[in-house]
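Have a look at the structure below, then the notes.
In our numbering, the protein residues as written are 612 to 939.
Here it is, written out as structure tokens:
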């Protein structure tokens, strides 16, 4: 078992990265803030290349197909999927694998029948103490990934269920410098005096723009697996093993080739992976084998079938519709 190889309360991993080509890279950006730069007490200029919330999304994506389903290798892992019907009759498919906030997505947890069943399994009500053992068991039963990556069920009976991430990650760079460049979006009509008859928005003419990339003395990626948190969930040993294997499998998938963050931020490993808490990070093949064994052992604790399928109708958001009408 993978858990037997872990000697501490945390498994900490870090590795140095480098751009696939050249020296420049583009970090994550934030609305109204731009790049997240900061300075250490010793004066070293730092840069957040990828945030914890963004890395959570990337870790989740490692086991999802382009169609939004679980990868074939992990069939049997629990999650919730729903078919949503628009007012015009068109349908859209979403799931806890693809939705922001996972099980807490309003498109999923707003299903009254499912929400009631979840609360029953979790032994949850607004006017009683939280039974975290039952809550964690219910989360594991319906959506293992929500338990691993955290969630806040703000829409469920008073919004008291909040579970922190058990696996977190971020990428930062040190000793950074700006690399400022720019360009021009060109069109056959530089002044923008002509427009398409079906589009009157101000999107025409030549548009010059500025671009800021960065160079760095070092880029490092970090992962933190809260093993003590997994052990404290009150779940059976088989479930703890599954969560641990799944977390490390996702880490390995990222490190083995999931580091093309953006067009201008394509990174790769530089050197060895430093591991604290266990001797070494197992290979992807070994972790997958352990995962499949754990999945079979956890079948009694997972929903049957593993994918809970729902169906709901969508309505037009009146506030949004009125706002768009006012703009027109």
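We put the CB at the ideal spot given by N, CA and C, even for glycine. These numbers come from a predicted model, not from an experiment.
With the rule of 3 Cβ pairs closer than 8 Å, the segment 760-772 does not count as touching the segment 828-842. Listed in chain order, the non-local C-beta contacts of residue 773 below 6 Å within the same chain comprise 763, local neighbours out to five positions each way being set aside.
In the DSSP assignment, residue 814 falls outside any alpha helix (DSSP H) and carries neither an H nor an E.
DSSP places residue 693 in the uninterrupted beta strand (DSSP E) bounded by 690-696. Counting only residues of its own chain and dropping the five nearest sequence neighbours on each side, residue 802 has a CB closer than 7 Å to the CB of 816. Secondary structure at residue 799: coil, using DSSP grouped into helix, strand and coil. Proximity of the segment 744-753 to the segment 725-735 meets the contact definition, three or more beta-carbon pairs being nearer than 8 Å. Here the alpha carbons of residue 656 and residue 824 stand approximately 15 Å from one another. Taking every protein chain shown into account, the CB of residue 756 has 16 or more other CB atoms within 10 angstroms, so this residue is buried. In the DSSP assignment, residue 792 forms a beta bridge with 822.
For the pair of segments examined, the segment 629-638 was found to touch the segment 867-881: the number of CB pairs separated by less than 8 Å reaches three.
By the neighbour-count criterion, in which 16 or more other beta carbons inside 10 Å mark a residue as buried, residue 810 falls on the exposed side. Residue 839 is not a Cβ neighbour of residue 638, given a cutoff of 9 Å.
Nearest neighbour of residue 666 by Cα position, chosen from 726, 781 and 804, turns out to be 781. In the three-state DSSP reduction, residue 885 falls in the strand class (E or B). A contact between stretches requires three or more CB pairs, one per stretch, nearer than 8 Å, and the segment 854-861 fails this requirement with the segment 644-656. Contact between the segment 840-856 and the segment 876-885 is absent: fewer than 3 CB-CB pairs across the two stretches fall below 8 Å.
If you ignore the 5 residues before and after residue 786, its C-beta comes within less than 7 Å of the C-beta of 655, 656, 827, 828 and 829, all in its own chain and listed in chain order. Residue pairing of residue 617 in beta bridges, as defined by DSSP: 889. Looking at the backbone, the Cα of residue 621 and that of residue 891 are separated by about 13 Å. Excluding its 5 nearest sequence neighbours in each direction, residue 867 has C-beta neighbours in its own chain below 8 Å: 895, listed in chain order. DSSP places residue 654 in the coil class of the three-state scheme, outside both helix and strand. CA-CA distance, residue 680 to residue 672, rounds to 10 Å. Note that the C-beta distance between residue 740 and residue 865 is not below 9 Å.
The segment 725-798 contains, as complete alpha helix (DSSP H) runs of 4+ residues, the segments 743-753 and 755-760 (chain order). Distances from the CA of residue 911 to each of 751, 738 and 727 were compared; the closest alpha carbon is that of 751. DSSP places residue 879 outside any alpha helix (DSSP H); the residue lies instead in the beta strand (DSSP E), whose first and last residues are 876-880. In this structure, the alpha-carbon of residue 794 lies about 8 Å from that of residue 818. Counting along the chain, no beta strand (DSSP E) covers residue 644, and no H or E run does either. For residue 665, no beta strand (DSSP E) run applies; the uninterrupted alpha helix (DSSP H) run containing it begins and ends at 663-672, by DSSP. DSSP places residue 707 in the coil class of the three-state scheme, outside both helix and strand. Rounded to the nearest angstrom, the Cβ distance from residue 854 to residue 759 is 6 Å, consistent with a contact under 8 Å.
Around the beta carbon of residue 725, 16 or more other beta carbons sit within 10 angstroms, so the residue counts as buried. In this structure, residue 862 places its C-beta atom within 9 Å of the C-beta atom of residue 778.
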